[in-house]
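Data first, discussion second: the structure below is written as C-alpha coordinates.
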Amino acid sequence: MRLKVILIIISILAISFSIATEIRFLNFRKSMESSMNRLSNNINTKFESVNNDIAKIDNYFVPGGIVEKYIVANSFLKNQMDDLENILTYYQDADNSGYIQIFVTGSKDVWCAFKNEDDKYIFQGNLKPGLNPYKFYFFKSPSIETKYTYQTTYNASFQSGDTSKIYFLIHEPGQSKIRKHPDSAVKNLKDDFNLYIPTVTGN
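Next up, the structure:
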(Lines of atoms letter the chains of each structure in order from A and count residues from 1; the text may use other names and numbers.)
(Lines give C-alpha, C1' and ligand atoms only; values in the text may rest on other atoms or scores of the structure.)
Protein backbone atom coordinates (compact mmCIF):
# COMPACT_ATOMS: atom_id res chain seq x y z
CA MET A 1 0.00 0.00 0.00
CA ARG A 2 2.77 2.40 0.90
CA LEU A 3 4.54 1.64 -2.39
CA LYS A 4 1.40 2.52 -4.35
CA VAL A 5 1.14 5.85 -2.56
CA ILE A 6 4.76 6.60 -3.33
CA LEU A 7 4.28 5.72 -7.00
CA ILE A 8 1.16 7.89 -7.18
CA ILE A 9 3.04 10.82 -5.64
CA ILE A 10 5.94 10.34 -8.05
CA SER A 11 3.53 10.19 -10.97
CA ILE A 12 1.79 13.37 -9.83
CA LEU A 13 5.13 15.15 -9.45
CA ALA A 14 6.28 13.95 -12.88
CA ILE A 15 3.05 15.13 -14.50
CA SER A 16 3.26 18.49 -12.68
CA PHE A 17 6.88 18.94 -13.79
CA SER A 18 5.96 18.05 -17.36
CA ILE A 19 3.08 20.51 -17.36
CA ALA A 20 5.29 23.23 -15.88
CA THR A 21 7.95 22.55 -18.51
CA GLU A 22 5.36 22.70 -21.28
CA ILE A 23 4.03 25.99 -19.92
CA ARG A 24 7.53 27.47 -19.76
CA PHE A 25 8.22 26.28 -23.31
CA LEU A 26 4.97 27.84 -24.57
CA ASN A 27 5.78 31.11 -22.82
CA PHE A 28 9.32 31.05 -24.27
CA ARG A 29 7.97 30.38 -27.76
CA LYS A 30 5.49 33.23 -27.45
CA SER A 31 8.28 35.51 -26.23
CA MET A 32 10.49 34.50 -29.16
CA GLU A 33 7.66 34.94 -31.64
CA SER A 34 6.96 38.38 -30.21
CA SER A 35 10.65 39.33 -30.47
CA MET A 36 10.88 38.02 -34.02
CA ASN A 37 7.77 39.97 -34.98
CA ARG A 38 9.21 43.17 -33.51
CA LEU A 39 12.54 42.54 -35.25
CA SER A 40 10.75 41.83 -38.53
CA ASN A 41 8.72 45.03 -38.19
CA ASN A 42 11.85 47.03 -37.45
CA ILE A 43 13.63 45.53 -40.46
CA ASN A 44 10.65 46.22 -42.71
CA THR A 45 10.53 49.80 -41.43
CA LYS A 46 14.26 50.23 -42.10
CA PHE A 47 13.92 48.74 -45.59
CA GLU A 48 11.01 51.05 -46.33
CA SER A 49 13.02 54.04 -45.13
CA VAL A 50 16.05 53.01 -47.21
CA ASN A 51 13.86 52.50 -50.28
CA ASN A 52 12.35 55.95 -49.78
CA ASP A 53 15.83 57.47 -49.48
CA ILE A 54 16.97 55.66 -52.63
CA ALA A 55 13.90 56.93 -54.46
CA LYS A 56 14.72 60.48 -53.37
CA ILE A 57 18.35 60.06 -54.48
CA ASP A 58 17.21 58.63 -57.82
CA ASN A 59 15.19 61.78 -58.37
CA TYR A 60 18.40 63.81 -58.02
CA PHE A 61 20.00 61.92 -60.93
CA VAL A 62 17.14 61.96 -63.41
CA PRO A 63 17.62 64.13 -66.53
CA GLY A 64 17.07 67.72 -65.48
CA GLY A 65 17.46 66.81 -61.82
CA ILE A 66 19.39 68.61 -59.12
CA VAL A 67 22.70 66.85 -59.84
CA GLU A 68 22.57 67.61 -63.56
CA LYS A 69 21.68 71.23 -62.85
CA TYR A 70 24.56 71.49 -60.37
CA ILE A 71 27.06 69.99 -62.85
CA VAL A 72 25.89 72.32 -65.62
CA ALA A 73 26.01 75.36 -63.32
CA ASN A 74 29.42 74.41 -61.94
CA SER A 75 30.82 73.83 -65.44
CA PHE A 76 29.38 77.15 -66.60
CA LEU A 77 30.92 79.04 -63.68
CA LYS A 78 34.26 77.30 -64.14
CA ASN A 79 34.33 78.17 -67.84
CA GLN A 80 33.40 81.76 -67.04
CA MET A 81 36.18 82.02 -64.44
CA ASP A 82 38.68 80.44 -66.85
CA ASP A 83 37.66 82.95 -69.52
CA LEU A 84 37.92 85.81 -67.05
CA GLU A 85 41.39 84.79 -65.86
CA ASN A 86 42.50 84.36 -69.45
CA ILE A 87 41.23 87.83 -70.31
CA LEU A 88 42.87 89.39 -67.25
CA THR A 89 46.15 87.66 -68.09
CA TYR A 90 46.06 88.80 -71.71
CA TYR A 91 45.03 92.41 -71.22
CA GLN A 92 46.95 93.43 -68.10
CA ASP A 93 49.53 96.15 -68.58
CA ALA A 94 52.99 94.61 -68.91
CA ASP A 95 55.04 97.30 -70.70
CA ASN A 96 57.60 97.53 -67.91
CA SER A 97 57.81 93.83 -67.13
CA GLY A 98 59.43 90.89 -68.87
CA TYR A 99 57.77 87.58 -69.63
CA ILE A 100 57.86 84.63 -72.02
CA GLN A 101 55.01 82.83 -73.77
CA ILE A 102 55.32 79.48 -75.51
CA PHE A 103 54.10 78.76 -79.04
CA VAL A 104 53.79 75.08 -80.02
CA THR A 105 53.72 74.10 -83.69
CA GLY A 106 52.17 70.92 -85.07
CA SER A 107 49.04 69.13 -83.90
CA LYS A 108 50.16 67.38 -80.71
CA ASP A 109 50.72 68.52 -77.14
CA VAL A 110 54.34 69.03 -76.09
CA TRP A 111 55.67 68.62 -72.57
CA CYS A 112 57.49 71.73 -71.33
CA ALA A 113 59.07 72.74 -68.04
CA PHE A 114 60.86 75.64 -66.37
CA LYS A 115 63.35 75.04 -63.55
CA ASN A 116 64.96 77.54 -61.19
CA GLU A 117 68.67 77.69 -60.37
CA ASP A 118 68.12 75.08 -57.64
CA ASP A 119 66.88 72.64 -60.31
CA LYS A 120 63.34 72.71 -58.90
CA TYR A 121 60.32 72.85 -61.19
CA ILE A 122 58.61 76.21 -61.49
CA PHE A 123 56.22 74.83 -64.08
CA GLN A 124 55.77 71.58 -65.97
CA GLY A 125 52.95 70.30 -68.11
CA ASN A 126 51.71 69.46 -71.60
CA LEU A 127 51.13 72.56 -73.72
CA LYS A 128 48.62 72.54 -76.54
CA PRO A 129 49.44 73.52 -80.12
CA GLY A 130 49.32 77.25 -80.80
CA LEU A 131 50.03 80.19 -78.52
CA ASN A 132 49.57 79.10 -74.93
CA PRO A 133 47.97 81.51 -72.43
CA TYR A 134 50.66 81.04 -69.76
CA LYS A 135 53.03 83.92 -69.10
CA PHE A 136 56.35 83.24 -67.38
CA TYR A 137 57.67 86.42 -65.79
CA PHE A 138 61.45 86.74 -65.59
CA PHE A 139 61.45 90.47 -64.79
CA LYS A 140 59.03 92.03 -62.30
CA SER A 141 55.71 90.47 -61.29
CA PRO A 142 52.37 90.53 -63.09
CA SER A 143 50.06 93.33 -62.03
CA ILE A 144 47.31 90.71 -61.67
CA GLU A 145 48.20 87.15 -60.72
CA THR A 146 46.07 84.43 -62.29
CA LYS A 147 46.45 80.70 -62.83
CA TYR A 148 48.09 81.56 -66.16
CA THR A 149 50.90 83.65 -64.66
CA TYR A 150 54.11 82.16 -63.26
CA GLN A 151 56.99 83.93 -61.58
CA THR A 152 60.25 82.50 -62.86
CA THR A 153 63.82 83.84 -62.77
CA TYR A 154 65.92 85.27 -65.57
CA ASN A 155 68.52 82.53 -65.04
CA ALA A 156 65.97 79.69 -65.09
CA SER A 157 66.36 76.73 -67.44
CA PHE A 158 63.83 75.30 -69.90
CA GLN A 159 63.13 71.74 -71.02
CA SER A 160 60.86 70.34 -73.72
CA GLY A 161 59.82 66.94 -75.01
CA ASP A 162 60.20 68.16 -78.61
CA THR A 163 62.40 71.24 -79.03
CA SER A 164 61.74 71.40 -82.80
CA LYS A 165 58.15 72.52 -82.14
CA ILE A 166 58.86 75.25 -79.58
CA TYR A 167 58.98 78.99 -80.20
CA PHE A 168 59.43 81.63 -77.50
CA LEU A 169 57.52 84.92 -77.62
CA ILE A 170 59.65 87.15 -75.46
CA HIS A 171 58.30 90.43 -74.13
CA GLU A 172 61.01 92.66 -72.67
CA PRO A 173 60.57 96.18 -71.27
CA GLY A 174 59.80 98.29 -74.32
CA GLN A 175 60.32 95.58 -76.95
CA SER A 176 59.32 92.10 -78.06
CA LYS A 177 60.94 89.33 -80.09
CA ILE A 178 60.42 85.75 -81.23
CA ARG A 179 63.02 83.04 -80.84
CA LYS A 180 62.99 79.43 -82.00
CA HIS A 181 64.19 76.88 -79.47
CA PRO A 182 67.95 76.61 -80.02
CA ASP A 183 69.52 73.32 -81.00
CA SER A 184 71.24 73.12 -77.64
CA ALA A 185 69.53 73.01 -74.25
CA VAL A 186 68.25 76.24 -72.68
CA LYS A 187 70.23 76.33 -69.45
CA ASN A 188 69.91 80.05 -68.72
CA LEU A 189 67.12 82.21 -70.16
CA LYS A 190 69.07 85.47 -69.93
CA ASP A 191 72.23 84.13 -71.56
CA ASP A 192 70.61 81.91 -74.18
CA PHE A 193 68.08 84.53 -75.34
CA ASN A 194 70.15 87.63 -74.57
CA LEU A 195 67.31 89.00 -72.46
CA TYR A 196 67.13 92.72 -71.78
CA ILE A 197 66.73 93.17 -68.04
CA PRO A 198 67.36 96.77 -66.89
CA THR A 199 68.35 95.87 -63.34
CA VAL A 200 70.79 93.20 -64.54
CA THR A 201 72.04 94.04 -68.01
CA GLY A 202 71.72 97.83 -67.64
CA ASN A 203 70.52 100.32 -70.26
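For the sequence shown, the residue numbers in my numbering are 15 to 217.
Even for Gly, the Cβ is constructed at its ideal location relative to N, Cα and C.
Next on the checklist: By the three-class DSSP mapping on this structure, what secondary structure does Leu-209 have?
Outcome noted: Coil, per DSSP.
Checklist entry - According to the neighbour-count rule (16 or more other Cβ atoms, all chains shown, within 10 Å of its Cβ), is Ala-170 buried or exposed? => result With 16 or more other Cβ atoms within 10 Å, it is buried.
Item to check | Start-to-end residues for the beta strand (DSSP E) that takes in Ala-127 | outcome: 124-129 is the extent of the beta strand (DSSP E) around Ala-127.
Item to check | Given 8 Å, three or more beta-carbon pairs between the region 185-194 and the region 158-175 | outcome: Contact between the region 185-194 and the region 158-175 is absent: fewer than 3 CB-CB pairs across the two stretches fall below 8 Å.
Item to check | Expected contact under 8 Å - CB spacing of Tyr-162 and Pro-147 to nearest Å | outcome: Between Tyr-162 and Pro-147 the beta-carbon gap is near 5 Å, inside 8 Å, which marks them as a contact.
Item to check | Rounded C-alpha distance that separates Gln-115 from Lys-122 | outcome: Their Cα atoms are separated by approximately 18 Å.
Next on the checklist: Per the DSSP calculation, Ile-192 is bridged to which residue(s)?
Outcome noted: DSSP links Ile-192 through a beta bridge to Leu-183.
Checklist entry - Once you ignore the five residues that flank Asn-58 on each side, which residues in its own chain have a CB closer than 7 Å to its CB? => result Cβ within range, chain order: n/a, list empty.
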